[in-house]
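Chains as they are written, first to last, in our numbering: chain A, 1 to 401; chain B, 1 to 401.
Even glycine gets a Cβ: it sits at the ideal position worked out from N, Cα and C.
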């Protein structure tokens, strides 16, 4: 089957999460992504993990998650010969992606202007924590820091307790999506006009743009969000919107639904006294306690059946292991796997979208450091002699699968 | 200045958040987005708000946040004449977007096959909560429900307390980004081949794909995430990664940094006893308490200065109002405004990315219901007579600015 981005070649200097997730999304769509890692140890994410354990005894789950469908070329970027080779490759490339701290890659001769000089149509996308200039330009930009700075963390958790980070790196992932948004828009424009360009994405702007409705609310309504002191699910929302306990130790979310339908379904007519919008907002913590006392009378499955039958917007709260076995997740085929030369069979989340003509698929596992170096350089016309010299001199690392 | 998507026409049947944010991102890039709302009250989001207040006394902050740069055409989709007009418009359109519950729009004659019959190159993108088939297909799909089902909520909060929803609708926003990813990929493919296609996006798959590293960890390492009982920032992370209190009631995030550098900077050498990876994970709550006792000795600004001087990865935790005034946010010009005929000057978050050739910009405010109906229909060659008849018959609503 055809892929939407067949024929698009990406030189991917990115590491950790933001850049690699972006290029994985493009690789799933068929782009030819060449991951250019540092010779030796490669992408820093290869040495990070959860639970101090490694997949297959040696591989990082983080790296395995964000680098499928790419080939790896591991080079010493400081070598003048390597620089010349990469500029030769750039003549046949469409896109360059990088997310080093601002200025780092340009100092080594791999900035936008360097690539533009050899390929005027190149699209160069750089990602950073805070943008490429301004008072925070030299600061470390990291996912949780951005959650805190953006206002997301202050909106999460209970009012009588500290702000709560999200238990996943969403600022990075959203940064990746912004890279994809910029790169695909630029590719379309280049197709029409032949003109390339530079794209700058940063985590702070990306996350704040996703909070636009919260910003528009605060900046135009003269109110600030105050975290509730209960399981209410958003500081701007009234009861019953939130998370509720069940009789068997589970949890059920209940979103916007007519309050009357809810208390009737729960057989709790006494809750009628709260049934106006003002009260449901002002007394939301009290209402949450009352509703929660009712939901705790039902087992999770029983409660869901009842509420869904009344078209109450609700769902079970699952942990990741249970979510992976959820009937809808199974039906959608979201959990899949690939074979990795060292990690063995690796279970992963597959592409999130369906396309009738160009379905994204997983065609290769995350690469070993420099695994495809020889074949990639050969494809770009680099001689076997030069390749051997780079390897012998330590300017290129090749891992054998 | 040129925009990347100039010349792309989108018929946008979407409402609430997922679809509208997607089409706003495309409109910011220059696409001609025609928002097709139901005659009368329009998009349901127009009647939802925060704090039971309205911008300018009448306008929804949620709607204002996700509908700039679009024009509105408000029609009765059940009218056969309207159906014929839309199919006429579809011949000149490039993309159709919708996020009604699965099957709803197709029943009215606006499914992919209907549009494909009049325009074989059309790109049709539909968004839903759980996908277009499978056991949950008839269930309501909403942001917080998806957070709970995906495992995100179970990863957030404290272990001795209930799972915590994120204080912003990120599942919807990520769903929007997946629409953009699919539509732009399909546009590029159509430019190369002339072939259109159907794209299906859903909130559940989108959010789970963003949690890929957490899924890869759990499904391949034989461990489950256990929420910490402290301010540790991710259930898979060791101390000190987390949120800490300061002397003036503020909070500071501290991400991955050498623990030794941290306790030396805090002048707390007694913390050295915890300094190995195993201990920092197993005793993370205890370490959090100890580190927190030290951070509380410093004011927020003082603590940040100290930590940043030592290149500790850290940042202040801000609420939305303070974040909007943050020096880097100000430098980047992220908070901007547009003039709205009823809401007045509306402060909003501007485009998150910078492009050297085709900068996205805000060129018009969110529209009133059907505000541009007459001009849009005229552009598609519909006669003044027909337009007048639609208005008189109540099949088209036109709000005057």
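Rounded C-beta distance between residue 353/B and residue 181/A? I'm assuming under 8 Å. As a working note, residue 353/B is residue 353 in the second chain. As a working note, residue 181/A is residue 181 in the first chain. Their Cβ separation, rounded to whole angstroms, is 7 Å, which keeps residue 353/B and residue 181/A in contact under 8 Å.
Since I believe residue 145/A is in contact with residue 315/B (beta carbons under 8 Å), could you give me their beta-carbon distance rounded to a whole number of angstroms? On the second chain, residue 315/B is found 315 positions in, with the first residue counted as 1. On the first chain, residue 145/A is found 145 positions in, with the first residue counted as 1. Correct: roughly 4 Å between the Cβ atoms.
Check whether the Cβ of residue 276/A lies closer than 7 Å to any Cβ atom in chain B. Position 276 of the first chain holds residue 276/A. Not closer than 7 Å to any Cβ of chain B, the Cβ of residue 276/A fails to qualify, so no.
Would you mind stating whether residue 212/A and residue 65/B have Cβ atoms separated by less than 7 Å? Numbered from 1 along the first chain, position 212 holds the residue referred to as residue 212/A. Numbered from 1 along the second chain, position 65 holds the residue referred to as residue 65/B. The answer is yes: Cβ separation under 7 Å.
Quick check on this structure: which residue in 191/B, 368/B, 113/B, 232/B has the alpha carbon closest to the alpha carbon of residue 58/B? Within the second chain, numbered from 1, the residue matching residue 58/B stands at position 58. Residue 368/B is the option with its Cα nearest to residue 58/B.
Along the chain, where does the beta strand (DSSP E) that runs through residue 315/B open and close? As a working mapping, residue 315/B is identified with position 315 in the second chain. Where residue 315/B is concerned, the enclosing beta strand (DSSP E) stretches over 314-316.
Would you identify the three-state DSSP class for residue 12/A, choosing helix, strand or coil? For the purposes of this step, residue 12/A is taken as the residue at position 12 of the first chain. Note: residue 12/A maps to strand in three-state DSSP.
Simplified DSSP state of residue 243/A, which is helix, strand or coil: Along the first chain, one-based indexing puts residue 243/A at 243. Strand.
Against chain C, with Cβ distances strictly below 7 Å, would residue 10/A count as a contact? The structure shown contains no chain C; its protein chains are A and B.
Cβ neighbour criterion (16 or more within 10 Å) applied to residue 336/A: As a working mapping, residue 336/A is identified with position 336 in the first chain. Classification of residue 336/A: exposed, given that the 10 Å Cβ count is below 16.
If we count the other Cβ atoms within 10 Å of its Cβ and call it buried at 16 or more, is residue 14/B buried or exposed? Start at 1 with the first residue of the second chain, and residue 14/B comes out as number 14. With 16 or more Cβ atoms within 10 Å of its Cβ, residue 14/B is classed as buried.
Tell me which residues share the same chain as residue 351/A and place their Cβ nearer than 6 Å to its Cβ, disregarding the 5 neighbours each side in the sequence. In the first chain, counting from the first residue as 1, residue 351/A sits at position 351. If we look at residue 351/A and ignore the five residues flanking it on each side, its Cβ neighbours are 28, 360.
Does the Cβ-Cβ distance between residue 56/B and residue 343/B come in under 7 Å? As a first step, residue 56/B must be located in the second chain, where it is residue number 56. As a first step, residue 343/B must be located in the second chain, where it is residue number 343. It is a contact, given that the beta carbons lie within the stated cut-off.
Neighbourhood of residue 93/B by C-beta distance below 6 Å, restricted to the same chain and skipping five residues each side: Reading the second chain from its first residue, position 93 is the one you call residue 93/B. So the list reads 9, 11, once near-sequence residues are dropped.
Do we get a CB-CB distance below 7 Å when we pair residue 313/B with the residues of chain A? To locate residue 313/B, count along the second chain from 1; it is residue 313. Yes, contact with chain A.
Run down chain A in chain order and give the residues with a C-beta less than 8 Å from the C-beta of residue 208/B. For the purposes of this step, residue 208/B is taken as the residue at position 208 of the second chain. Chain A residues near residue 208/B: 323, 329, 334, 349, 352.
Leaving out five residues on either side along the sequence, give the residues of the same chain with a beta carbon under 6 Å from the beta carbon of residue 3/B. The residue given as residue 3/B occupies position 3 in the second chain. Counting only Cβ-Cβ distances below 6 Å, and skipping sequence neighbours, we find 29, 30, 358.
Cβ atoms of residue 61/A and residue 45/A: under 7 Å apart, would you say? As a first step, residue 45/A must be located in the first chain, where it is residue number 45. As a first step, residue 61/A must be located in the first chain, where it is residue number 61. No, the pair does not count as a contact, with Cβ atoms beyond the cut-off.
Three or more C-beta pairs below 8 Å linking the stretch 119-134 of chain A and the stretch 95-103 of chain A: yes
Determine, for residue 53/B, whether the minimum Cβ-Cβ distance to residues of chain A falls below 7 Å. The residue given as residue 53/B occupies position 53 in the second chain. Yes, residue 53/B counts as interfacial toward chain A.
Could you tell me which chain B residues have their CB closer than 9 Å to the CB of residue 217/A, listed as they occur along the chain? Here residue 217/A refers to the residue found at position 217 of the first chain. Under the 9 Å cutoff, chain B gives 49, 50, 51, 53, 55, 61, 62, 65, 320.
Between residue 204/A and residue 149/A, how many whole angstroms is the CB-CB distance? I'm expecting something under 8 Å. On the first chain, residue 204/A is found 204 positions in, with the first residue counted as 1. On the first chain, residue 149/A is found 149 positions in, with the first residue counted as 1. About 6 Å; that satisfies the 8 Å criterion.
Do you know whose CA, among 376/B, 206/B, 237/B, 71/B, lies nearest residue 53/A's CA? Here residue 53/A is taken as the residue at index 53 of the first chain, counted from 1. Among 376/B, 206/B, 237/B, 71/B, the Cα nearest to that of residue 53/A belongs to 237/B.
Nearest residue (CA-CA) to residue 376/B, options 396/B, 362/B, 208/B: On the second chain, position 376 is the one that residue 376/B refers to. Comparing Cα positions, the closest option is 396/B.
For residue 166/A, count neighbouring C-beta atoms within 10 Å of its own C-beta (all shown protein chains included) and say buried if the count is 16 or more, exposed if not. The count along the first chain starts at 1 and reaches residue 166/A at position 166. With 16 or more Cβ atoms within 10 Å of its Cβ, residue 166/A is classed as buried.
Check whether residue 132/B and residue 200/B have beta carbons under 7 Å apart: Your numbering for residue 132/B matches position 132 in the second chain. Your numbering for residue 200/B matches position 200 in the second chain. Cβ atoms of residue 132/B and residue 200/B: closer than 7 Å.
Can you give, in chain order, each stretch of the alpha helix (DSSP H) that sits fully within the stretch 155-228 of chain B and has at least 4 residues? 170-193, 203-210, 212-221
Using the rule of at least 16 other Cβ atoms within 10 Å of the residue's Cβ for burial, across every protein chain shown, is residue 159/B buried or exposed? The residue you call residue 159/B lines up with position 159 of the second chain. Exposed, because fewer than 16 other Cβ atoms sit within 10 Å of the Cβ of residue 159/B.
Test item: CB-CB of residue 381/B and residue 398/B under 7 Å: Numbered from 1 along the second chain, position 381 holds the residue referred to as residue 381/B. Numbered from 1 along the second chain, position 398 holds the residue referred to as residue 398/B. No. Outside cutoff.
Residue of 339/A, 338/A, 324/A minimising C-alpha distance to residue 332/A: Stepping through the first chain from its first residue, residue 332/A is reached at position 332. Closest by alpha carbon: 324/A.
What in chain B is Cβ-close to residue 173/A, meaning under 8 Å? As a first step, residue 173/A must be located in the first chain, where it is residue number 173. Chain B residues near residue 173/A: 174, 210.
Tell me whether residue 47/B sits in a helix, a strand or coil according to DSSP, three-state version. Within the second chain, numbered from 1, the residue matching residue 47/B stands at position 47. Reduced to three states, the DSSP call for residue 47/B is helix.
Show which residues of chain A have a CB atom less than 8 Å away from the CB atom of residue 308/B. Residue numbering aside, residue 308/B sits at position 308 when the second chain is read from its first letter. 139, listed in chain order.
Secondary structure at residue 32/B, three-state DSSP: helix, strand or coil? Residue numbering aside, residue 32/B sits at position 32 when the second chain is read from its first letter. Here residue 32/B sits in strand by DSSP.
Going along the chain, which unbroken runs of the beta strand (DSSP E) with 3 or more residues stay wholly within the stretch 94-119 of chain B? 95-98
Alpha-carbon to alpha-carbon, residue 207/B and residue 300/A: Locating residue 300/A in the first chain gives position 300, counting from the first residue. Locating residue 207/B in the second chain gives position 207, counting from the first residue. Taking the straight line joining both Cα atoms gives about 23 Å.
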